[in-house]
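*Asks:* Chains as they are written, first to last, in the working numbering: chain A, 2 to 159; chain B, -13 to 433; chain C, -13 to 433.
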Amino acid sequence: MITLAVLLGVAVGTGAYTFRYAEGFSYFSTDPAACANCHIMTPQYDSWQKSSHHGAATCVDCHLPHRFISKYLAKADNGYHHSKGFTLQDFHEPIMIKGKNRDILQKNCIECHDDMVHELFRRDMTKPDVVSCVHCHASVGHGELPTSIGGRDENWSD
Amino acid sequence: LLINVFERKREAENPYVRLVEVTEDTTDPEVWGKNWPRQYDSYKRTALTTRTRFGGHGGSEALPEEKIERDPWLKRMFLGYAFSIDYRDRRGHAYMLEDQEQTKRQNVPLSGSCLHCHGSVMPLYRELGDGDAFKGMDETHKISYKETNKMLHDMGHAHPVSCVDCHDPESMQVRVTRPGFIRGIQDLAASDAPVPAIPSIDIWRQGSRSTPYDPNVDATRGEMRSFACAQCHVEYYCAGGFPLTFPWKNGLKMEDLEKQWDETTMKDGSRFYDYKHKESGAEILKVQHPEFELWSQGVHARSGVSCSDCHMPYMRDGASKVSDHWVRSPLLNVNRACQTCHHVSEKELLARVDSIQTKNFNLLQAGGAALMDLLDAVAEAKQAGATQEQLKPALDLQRKAQWRLDYIAAENSMGFHAPQEAARILAEAADLARQGQVAALKVAHQM
Amino acid sequence: LLINVFERKREAENPYVRLVEVTEDTTDPEVWGKNWPRQYDSYKRTALTTRTRFGGHGGSEALPEEKIERDPWLKRMFLGYAFSIDYRDRRGHAYMLEDQEQTKRQNVPLSGSCLHCHGSVMPLYRELGDGDAFKGMDETHKISYKETNKMLHDMGHAHPVSCVDCHDPESMQVRVTRPGFIRGIQDLAASDAPVPAIPSIDIWRQGSRSTPYDPNVDATRGEMRSFACAQCHVEYYCAGGFPLTFPWKNGLKMEDLEKQWDETTMKDGSRFYDYKHKESGAEILKVQHPEFELWSQGVHARSGVSCSDCHMPYMRDGASKVSDHWVRSPLLNVNRACQTCHHVSEKELLARVDSIQTKNFNLLQAGGAALMDLLDAVAEAKQAGATQEQLKPALDLQRKAQWRLDYIAAENSMGFHAPQEAARILAEAADLARQGQVAALKVAHQM
Ligand SMILES: [Ca+2]
Ligand SMILES: [Ca+2]
């Protein structure tokens, strides 16, 4: 049931054929290379390789919910977003993480670093968003260099 | 290890098991220290010596070097004010009450308002106001400093800023307690001045405004990490004329504060001033440590970087990290205070700060020189027989120039908190002082 | 859609293939455009209209609005110089040759040095120097502009800055070609002035210094991304007296440049100046667009952020990235120019820039007012019968004040490139102008 929902979520976004060509199935693995299948993710992939977490965490560790069910739902949702963006090229560039994805990221920092940070929350971890980790540690996942290049040239005919 | 893990689990379920009870009346930090020994340990270090090029203090070894010695023109600038008697470097929080009690400025009569930022005064305020701390504070400006200070000692609350001043004893959340700040920030919220550094005010403004902005409820946690300091590190009026006031009705910019003082009148309807300059007779405004105001105009503030981020950075203590309560110059703590955000070498960061501070320091000296020239020209005009009336334009320019010069001299980061804004203010200071010089010279030559 | 994905994959694998040959003598960008159509396409857009609050230009529709109209005091400040005749806003690169040919400043005799930064002059320089471009450039200051310009046209190189000026036709690497810049940066390297923005000079200095610093060899790629622009966007002297000079012998700070001009003497041994002020007779230095110098004093430069990062940001082109050769105001391109590094909204970034520029603009106006007062005071003194000799202190202060004022007026970012440094320079400008006013008034009143 769940798997089906995921497949539908992605398929609606891309059309199954394209999806397969773009190696969409590897999208379900936790292999970072799966994300880098999309060239648009290349800067993040490159920068992650040079980051402090290269040996500690992969893309999904930081960007997808850790619990199984919500993980796959988020993938379906993001999958739709991603492939829609990829196809229509109508997203803001540089890509800047926002909204729900920012929350997921924040929760993931805390899940790994609960020990280290519980005092920051005065030992009350019920509101994980009150202290934003990236306020001080923005570079942990992607290092110092700009993580993305600027936007497409709108005036060019593609 | 097992015990360790077990303890950690317990901690998580039971935020802050307490060994002793702390309440609104527990002003003694040592008591709190039983529950939170790590914060207390670092808190106590504010008694240690610190020294940087422009900041820090000499610590307990000696009374801090007098600022006046470094910048001799300061003394002449403050002629007529208690500050010209005794203007010292600040020191760590541990000394705040002692330094106030010992300052030679005590020779002139001081009001009880002074204690607002130098002691753990909330129980005293409540006492004086029959439970209402705001009312209590309003009493203190009518009482002498000596008397108020004695009450504080007698009640057993003669401590420097203490845990209860910044923390809710129930939840340990950071909070603000000081009536002066709460009124000031409410004035600011009620105005329409832009506040790019305090987004929660913009959000409150979009509401009905039926209840006043309440920092303890409306502010974000990040903002509270600056508000805790803005209870004290701000420009104020605190003599006997009216209750302690933070002048934020028109906004947080240097000009906004000046405007409020210019519009304030004394009981007799005359224009407000802090003192008359002894030499020139100009009606002068004194600035005190506008750290919060200057910070609010800089790019760190706009980026949500709070006072605590730099002055109370997290530090590792065993497996967890806690806020460093040794509030001090971040230049003594660059790796934690700056390098989490700026991944460049300590040497380079110090060089950047030094470059900023040196520029402002040189402008400050140039402004001081201009002000001295203004005073010389006024003296020349007086010598030639000029009246105060004839000199009014020059003296008004002195007031404006000194306000600006003092704004940066009294601010404690040598302009680091907002580098371009500080340079801008000093630019205006020198320009206005020289305009005053010209005005006085013209009078002198007409004689 | 399928094709789309497929194409993107291919692009990423395939760097550029050449369709036509380009050499050191290929100054026509259209030819290069056959090989690198994307860069050429964006390059051509420098002819388009751009306009921001303080920057940009009116484009091809009209001659750009005259700067003088916006700041009327500029005209009086430049009395005696060709700039007071015709001081326009800059425009895009496409216009550089045309604008120079058309400026009314042509009414005064100009030297051939002018072309260094307005045309694709390298083949002409080699021709004039028998293969040695440096020697060739040294010839041009003795020839008139009209004549030099005619040679350029006759040789078929009458193009604005072209690909060959910044790129090695073999490797396409960014390079510098301009003798003026290469000499200037060698002077800088040979000095001991601090260069926090150019680490490769520090590295070179640690070597034997037996061969001069060579930017094309010693500089990092990041530095080259600024050097390409520093071939032209710098302060210079380019009249007939001596060869085109970039005054960097003492360093890149405003004071360092001033010192070099102050130490320069003309053939007759007298102190160097660009023009005598028509009203006051002061010996004035003219500043031209010190973008590179001001940038070098800011925190972006210290952080390794180059001109190209902001003015030629990378843009995505399918799977690959290309540099946007539409060199223009980054404010028209915030997402690519700023947001790659600053993950905050476009609105907030524009507000930050505006806040910086507004502060500097206001200081510039204040400095202008001070300078006008100085000129009035000098006029008053002259009226009263003062001699040039008696006025010398006032006139020297005018020289110093104008140098500073013009430093920011002629710089093209309204101080954004180094906000605090710009404010500091303007602070000094106003202070010195007012000191000059006082000096002149004193003379006037002694008469
Ligand atoms: Ca005050
Ligand atoms: Ca020049």
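Ideal Cβ positions, reconstructed from N, Cα and C, are used throughout, including at glycine.
1) With Ser341(B) as the anchor, note down where its alpha helix (DSSP H) starts and where it stops.
2) Please confirm if the region 99 to 109 of chain B is in contact with the region 133 to 145 of chain B, defined as three or more CB-CB distances below 8 Å between the two stretches.
3) For the region 113 to 125 of chain A, which residues have a CB atom closer than 7 Å to at least one CB atom of chain C, in sequence order?
4) Is Glu221(B) near ligand 1 - that is, is its Cβ less than 7 Å away from at least one heavy atom of it?
5) Can you name the start and end residues of the alpha helix (DSSP H) that Asp27(B) belongs to?
6) Near Arg288(B), which residues of its chain fall below 8 Å by C-beta distance, leaving aside the five closest residues on each side in sequence?
7) Under 7 Å Cβ to Cβ from Ala352(C), same chain only, skipping five residues before and after it: list those, please.
8) Does the count of Cβ pairs from the region 234 to 253 of chain B and the region 362 to 372 of chain B closer than 8 Å reach three?
9) Locate the beta strand (DSSP E) running through Val308(C), then write down its first and last residues.
10) Just to confirm, are Leu412(B) and Leu349(B) a CB contact at a threshold of 8 Å?
11) Using C-beta distances below 8 Å, list every residue in its chain close to His145(B), excluding the 5 sequence neighbours before and after it, in chain order.
12) Cβ of Val94(B) within 7 Å of any heavy atom in ligand 1?
13) Determine whether the beta carbon atoms of Met63(C) and Gln423(C) lie at a separation below 8 Å.
14) CB of Lys435(C) to nearest heavy atom of ligand 2: below 7 Å?
15) Around the Cβ of Glu277(B), are there at least 16 other Cβ atoms within 10 angstroms (buried) or fewer (exposed)?
16) Taking Ser48(A) as the query, report the chain C residues whose CB atoms sit under 7 Å from its CB, ordered along the chain.
17) Do you know how far the Cα of Thr326(C) is from the Cα of Ile41(A)?
18) Determine whether the beta carbon atoms of Glu265(B) and Ala365(B) lie at a separation below 8 Å.
19) Could you list which residues in chain B have their beta carbon closer than 9 Å to that of Val135(A), in chain order?
20) Let me know the secondary structure DSSP gives Asp303(C) once reduced to three states.
21) Does the beta carbon of Asp242(B) fall short of 7 Å from some heavy atom of ligand 1?
22) State yes or no: is the C-beta of Asp173(C) nearer than 7 Å to some heavy atom of ligand 2?
23) Can you find a CB in chain A that lies within less than 8 Å of the CB of Thr126(C)?
24) Below 8 Å between beta carbons: does that hold for Ala33(C) and Ala80(C)?
25) Taking the beta strand (DSSP E) that Arg153(A) belongs to, which residues open and close that run?
26) Reducing DSSP to helix, strand and coil, say where Lys262(B) ends up.
27) Please state the DSSP three-state secondary structure of Tyr223(C).
28) My parser needs the alpha helix (DSSP H) runs of 4 or more residues fully inside the region 165 to 193 of chain B; what are they?
29) Which class does Thr134(C) belong to by DSSP, given the choice of helix, strand or coil?
30) Classify Pro95(C): buried if its beta carbon has 16 or more other beta carbons within 10 angstroms, exposed otherwise.
31) From the DSSP output, in three-state form, read off Glu7(C) for me.
32) On the premise that Gln274(B) lies in contact with Ala396(B), defined as a C-beta separation below 8 Å, what is that separation, rounded to the nearest angstrom?
33) Note the first and the last residue of the continuous alpha helix (DSSP H) segment covering Phe120(B).
34) Under a three-way DSSP split, which group does Gly267(C) fall into?
35) On the CB-based measure, 16 or more other CB atoms within 10 Å of its CB, does Met210(C) come out buried or exposed?
36) For Tyr29(C) versus His311(C), is the C-beta spacing smaller than 8 Å?
*Replies:* In brief:
1) Run containing Ser341(B): 332 to 369, per the alpha helix (DSSP H) assignment.
2) Contact between the region 99 to 109 of chain B and the region 133 to 145 of chain B is present: 3 or more CB-CB pairs across the two stretches fall below 8 Å.
3) Flagged: no residues at all.
4) Distances taken from the Cβ of Glu221(B) to the heavy atoms of ligand 1 include one shorter than 7 Å.
5) Residues 23 to 30.
6) Taken in chain order, the residues that qualify are Pro182, Ala183.
7) Residues Ala416 of the same chain have their beta carbon placed closer than 7 Å to that of Ala352(C), with the five preceding and five following residues left out of the count.
8) Result no; under three Cβ-Cβ pairs closer than 8 Å.
9) Looking at the DSSP string, the run of the beta strand (DSSP E) that includes Val308(C) is 306 to 309.
10) Contact: yes.
11) If we look at His145(B) and ignore the five residues flanking it on each side, its Cβ neighbours are Thr13, Asp14, Pro15, Leu83, Gly105, Ser106.
12) Not so, every heavy atom of ligand 1 lies at least 7 Å from the Cβ.
13) Cβ distance not < 8 Å, so Met63(C) and Gln423(C) don't count as in contact.
14) Since the displayed chain C opens at -13 and closes at 433, residue 435(C) lies outside it and no answer follows.
15) Glu277(B) counts as buried, since at least 16 other C-beta atoms from the protein chains shown sit within 10 angstroms of its C-beta.
16) Ser48(A) does not reach chain C, its nearest Cβ partner there being about 12 Å away, counting only Cβ pairs nearer than 7 Å.
17) Taking the CA atoms as reference points, Ile41(A) sits about 14 Å from Thr326(C).
18) Yes, Cβ-Cβ distance for Glu265(B) and Ala365(B) is below 8 Å.
19) Going along chain B, no residue has its Cβ under 9 Å from Val135(A), so there is no contact; the nearest lies around 10 Å.
20) Secondary structure of Asp303(C) (DSSP, three-state): strand.
21) Answer for Asp242(B): no, Cβ out of range of ligand 1.
22) No, ligand 2 has no heavy atom inside 7 Å of this Cβ.
23) So no, Thr126(C) is outside the interface.
24) For Ala33(C) and Ala80(C), yes; Cβs fall inside 8 Å.
25) It spans 151 to 153 - the beta strand (DSSP E) in which Arg153(A) sits, taken as one unbroken run.
26) DSSP places Lys262(B) in strand when its eight states are reduced to three.
27) Looking at Tyr223(C) - three-state DSSP - the assignment turns out to be strand.
28) List check, alpha helix (DSSP H) in window: 165 to 176, 185 to 192.
29) In the structure shown, Thr134(C) sits in a helix (DSSP, three-state: H, G or I).
30) Exposed is the label assigned to Pro95(C), since fewer than 16 other Cβ atoms lie within 10 Å of its Cβ.
31) When secondary structure is reduced to three states using DSSP, Glu7(C) falls in the coil class, being assigned neither helix nor strand.
32) Their Cβ separation, rounded to whole angstroms, is 6 Å, which keeps Ala396(B) and Gln274(B) in contact under 8 Å.
33) Note, Phe120(B): alpha helix (DSSP H), 119 to 126.
34) Residue state, collapsed to three classes: coil.
35) That one is buried.
36) In this structure, His311(C) lies closer than 8 Å to Tyr29(C) by Cβ.
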